[in-house]
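What follows is one structure encoded as structure tokens, with my remarks underneath.
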Amino acid sequence: MRYFIITGASKGLGEGIAMALLDEDHHLFCISRNENRDLVKLASARNCPIEFHLFDLAKTRDIDSLVKQIFTGIDKSKAEGIYLINNAGIIDPVKRVEDCNSDEVNLHISINLTAPMLLCSAFIKHTADMSTEKRILNISSGAASNPYYGWSCYCTGKSGLEMFGRCISEEQKSEEYPVQTISVAPGVIDTGMQKIIRGTSERDFIHREKFVDLKESGQLVPPSLAGKRLASLLLSPKFPDGQSIDIRDTY
Ligand SMILES: NC(=O)c1ccc[n+]([C@@H]2O[C@H](COP(=O)([O-])OP(=O)(O)OC[C@H]3O[C@@H](n4cnc5c(N)ncnc54)[C@H](OP(=O)(O)O)[C@@H]3O)[C@@H](O)[C@H]2O)c1
2 MRYFIITGAS KGLGEGIAMA LLDEDHHLFC ISRNENRDLV KLASARNCPI
52 EFHLFDLAKT RDIDSLVKQI FTGIDKSKAE GIYLINNAGI IDPVKRVEDC
102 NSDEVNLHIS INLTAPMLLC SAFIKHTADM STEKRILNIS SGAASNPYYG
152 WSCYCTGKSG LEMFGRCISE EQKSEEYPVQ TISVAPGVID TGMQKIIRGT
202 SERDFIHREK FVDLKESGQL VPPSLAGKRL ASLLLSPKFP DGQSIDIRDT
252 Y
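See the structure below:
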């Protein structure tokens with residue numbers, strides 16, 4: 002059995018990744034505030050065990066106990082692999098730095114950076130005695146390495162997440178049973194996040210029109226396709242451990 006812990010599988014890219022992972026030899030633990038009933042139904046049809054843990058990742062103090070609870074459902078003796086996919090994320094606040102208030106900045110960093118850091122930390126702790134394949138996939142963005150007007154929180158969070166992944170790899174190098182970690186920019190995908198971006202004002206996000214054009218010219222990738230590509234990378238023998246990559250460079 003391969004075990005997958007995936008955040009943000011209720012919709013968008015996370016749903017696409019989870020769909021691609023549905024298999025009778027896989028057990029999925031999904032973390033989000035809402036359940037995805039279609040995903041649960043499809044999982045049942047494919048004999049794939051799935052559980053939704055309804056949880057607000059902004060509540061970072063409770064992440065340790067959430068992970069502890071998830072691991073009670075994992076039979077380490079049967080595990081052929083164990084995987085953490087940090088996918089959940091938000092784009093707001095989209096506005097200039099001086100217009101962002103402390104609640105907005107704190108919420109953003111809690112969900113997009115602190116939560117995945119704590120999930121990685123708990124994952125590494127709970128899997129330390131496991132000699133099986135152990136992998137973390139952090140969903141990043143081109144915004145991790147390119148500054149965007151109006152996206153200071155988003156760019157900072159993704160950039161921090163990529164560096165965090167590199168630090169994990171540095172620490173895991175000397176482990177007997179290392180956890181492998183990568184950060185992947187998934188391309189531009191047709192999800193609710195893109196809708197939010199198109200709904201922002203030119204004043205707050207000067208590149209808005211470019212994202213409207215991408216949608217209108219059919220250049221957004223369907224989440225199901227992006228999910229398949231990421232799931233295949235996650236399970237690939239050529240998993241690029243320690244690297245930050247753009248999925249578009251792999252096909
Ligand atoms: N779409 C793109 O073009 C694009 C490009 C580059 C990178 N990405 C990255 O891809 C990832 C997925 O984004 P998406 O486009 O699929 O966005 P989305 O459609 O808005 O989905 C976001 C997911 O994150 C979850 N989430 C958000 N806030 C949460 C919270 N407080 N607690 C728990 N879960 C929370 C949502 O679940 P609930 O609402 O049920 O809690 C949802 O499942 C993000 O990390 C994003 O930065 C997206």
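Numbered continuously in this note's numbering, the sequence shown closes out at residue 252.
Where is the CB? At the ideal position from N, CA and C, for every residue including glycine.
### Query
What are the uninterrupted segments assigned as beta strand (DSSP E) that are 3 or more residues long and contained completely in the segment 155 to 238, given in chain order?
181 to 186
### Query
Where do the N-terminal and C-terminal ends of the beta strand (DSSP E) with R3 fall, by residue?
On the sequence shown, position 2 is the one that residue 3 refers to. Start and end: 3 to 8.
### Query
What residues in its chain sit with their C-beta under 6 Å from that of N113, if we drop five residues either side in the sequence?
On the sequence shown, residue 113 is found 112 positions in, with the first residue counted as 1. Once the five neighbours on either side are set aside, the close Cβ partners of N113 are G90, G158.
### Message
Given this structure, state the Cα-to-Cα distance separating E176 from S245, to the nearest angstrom.
### Response
Stepping through the sequence shown from its first residue, residue 176 is reached at position 175. Stepping through the sequence shown from its first residue, residue 245 is reached at position 244. Whole-angstrom Cα-Cα distance: 21 Å.
### Query
Roughly how many whole angstroms lie between the Cα atoms of L10 and A227?
As a position in the sequence shown, residue 10 is number 9, starting the count at 1. As a position in the sequence shown, residue 227 is number 226, starting the count at 1. Reading the sequence as shown, one finds Ala at residue 10 and not Leu. So the alpha carbons of these two residues sit roughly 13 Å apart.
### Query
Taking all protein chains shown into account, do 16 or more other C-beta atoms lie within 10 angstroms of the C-beta of G200, making it buried, or fewer, making it exposed?
Here residue 200 refers to the residue found at position 199 when the sequence shown is read from its first residue. Exposed: under 16 other Cβ atoms inside 10 Å.
#### Entry: Beta-carbon spacing of G161, S184 below 7 Å
Looking up residue 161 in the sequence shown gives position 160. Looking up residue 184 in the sequence shown gives position 183. No. Outside cutoff.
### Message
Under DSSP, the beta strand (DSSP E) around N102 begins and ends at which residues?
### Response
Position 101 of the sequence shown holds residue 102. Run containing N102: none; DSSP gives neither H nor E here.
### Task
Within the same chain, show all residues whose beta-carbon is closer than 6 Å to that of K182, passing over the 5 residues directly before and after it, in chain order.
For the purposes of this step, residue 182 is taken as residue 181 along the sequence shown, with counting starting at 1. At residue 182 the sequence reads Thr, which differs from the Lys that was named. Excluding residues within five positions, the ones whose Cβ falls inside 6 Å are I137, G166, I169, S170.
### Task
Output the distance between the C-alpha atoms of G151 and E81, rounded to the nearest integer angstrom.
Walking along the sequence shown from the start, residue 151 turns up at place 150. Walking along the sequence shown from the start, residue 81 turns up at place 80. Distance between the alpha carbons of G151 and E81 is about 43 Å.
### Message
Tell me whether the segment 115 to 135 and the segment 58 to 67 touch, counting them as touching only if at least three CB pairs, one residue from each stretch, are closer than 8 Å.
### Response
The segment 115 to 135 vs the segment 58 to 67: in contact.
### Message
Can you confirm whether the segment 31 to 47 touches the segment 11 to 22 when touching is taken to mean that 3 or more C-beta pairs between the two stretches lie within less than 8 Å?
### Response
yes
#### Entry: Min CB distance G200 to chain B below 7 Å
The structure shown contains no chain B; it holds only a single protein chain.
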